[in-house]
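Quick notes on the structure that follows.
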Amino acid sequence: QRHPIVQGMAGHPDILQIVKEPGTPTRFGEEWHSDHSFMHAPPLGSVLVARELPEYGNDTLFNCMQAAYNSLSSGLQSMASNLHAVHTSSHAFSASAQRQVAAMTYEKGHDNSVVHPVVTIHPETGKRVLFVNPMFTQCFEHMTVRIVHESAPILSMLYGKAFRPEHQCRFRWSPGSVAFWDNRRLQHVAINDNVVSRRVMHRITIQGGVP
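In case it helps, the numbering used here puts the sequence shown at residues 3 to 213.
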């Protein structure tokens with residue numbers, strides 16, 4: 003599944019080359035997120051391959067959102083299960099964000115927004131999954147951008163309970179390492195702890211269904 007906003011590699015448009023040049027303070031994917039959650043049918047999964055790595059750092063953290071949902075009280079589970087949220091690409095891929103990650107090429111005129119349930123059902127396991135993320139989730143449905151602050155306290159509370167060490171694993175990259183994850187129940191974040199070295203990764207995403 004091609005990225006709807008960032009251009010793929012020349013000759014291989016399904017492969018997204020993620021480049022971080024030395025001295026770049028911001029990196030692609032440095033907030034917790036589920037890939038392309040701003041799409042009507044987000045990817046089933048993603049495959050990431052390490053092509054060029056720094057001598058240290060720039061690991062990737064993964065967080066299980068099924069475990070995050072299970073950690074909520076029954077009252078919070080019930081509340082979250084009755085909410086829908088707006089996911090948008092407008093913040094993460096704004097003009098200013100694109101300038102900060104200038105090593106990549108972006109399509110023009112793309113601003114995707116979609117509404118998804120806050121709690122989804124994994125199509126294979128039948129388990130409930132918390133499906134909101136700091137990078138792409140803007141607000142809850144029926145709370146417009148003008149009153150987005152109504153959503154913020156609830157989202158912050160859910161994130162505080164979701165992104166905890168006991169729900170996470172840390173992937174330490176080596177040259178040629180491959181990570182393959184289920185985008186429907188895992189979120190990930192790139193750790194930006196080395197800004198002086200170059201890092202090049204190749205990623206593909208696998209077409210999924212509507213949450």
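Ideal Cβ placement from N, Cα and C applies to all residues, glycine included.
Excluding five sequence positions before and after PRO24, the CB atoms of its chain that fall closer than 8 Å to its own CB belong to VAL197, VAL198, SER199, ARG200, given in chain order. Counted as a single uninterrupted DSSP element, the alpha helix (DSSP H) harbouring LEU78 occupies residues 76-83.
GLN3: not part of any alpha helix (DSSP H); DSSP gives it neither H nor E. Look at LEU50 here: in three-state DSSP terms it is strand. Annotation: the continuous beta strand (DSSP E) that includes MET203 extends over 201-208. The beta-carbon separation of SER115 and PHE165, rounded to 24 Å, does not stay under the 8 Å limit for a contact. Non-local beta-carbon contacts of VAL191 in its own chain, meaning distances under 6 Å to residues more than five positions away in sequence, involve TRP34, LEU63 in chain order.
Taking every protein chain shown into account, the CB of ASP37 has 16 or more other CB atoms within 10 angstroms, so this residue is buried. Across the structure, ALA43 and ASP184 are spaced so that their CA atoms are roughly 14 Å apart. Here PHE142 is buried, its C-beta having at least 16 other C-beta atoms within 10 Å.
In terms of Cβ geometry, ILE208 and LEU46 form a close pair [threshold 8 Å]. When DSSP reads this structure, ALA192 sits in a beta bridge with THR62.
If you compare the alpha carbons of GLU32, VAL180, VAL8, ALA69 with that of GLU168, the shortest gap goes to ALA69. Around the beta carbon of TYR71, 16 or more other beta carbons lie within 10 angstroms, which makes this residue buried. Closest in alpha carbon position to PRO119, among ASP16, SER153, VAL134, is VAL134. For GLN68, the enclosing alpha helix (DSSP H) has its first and last residue at 67-72.
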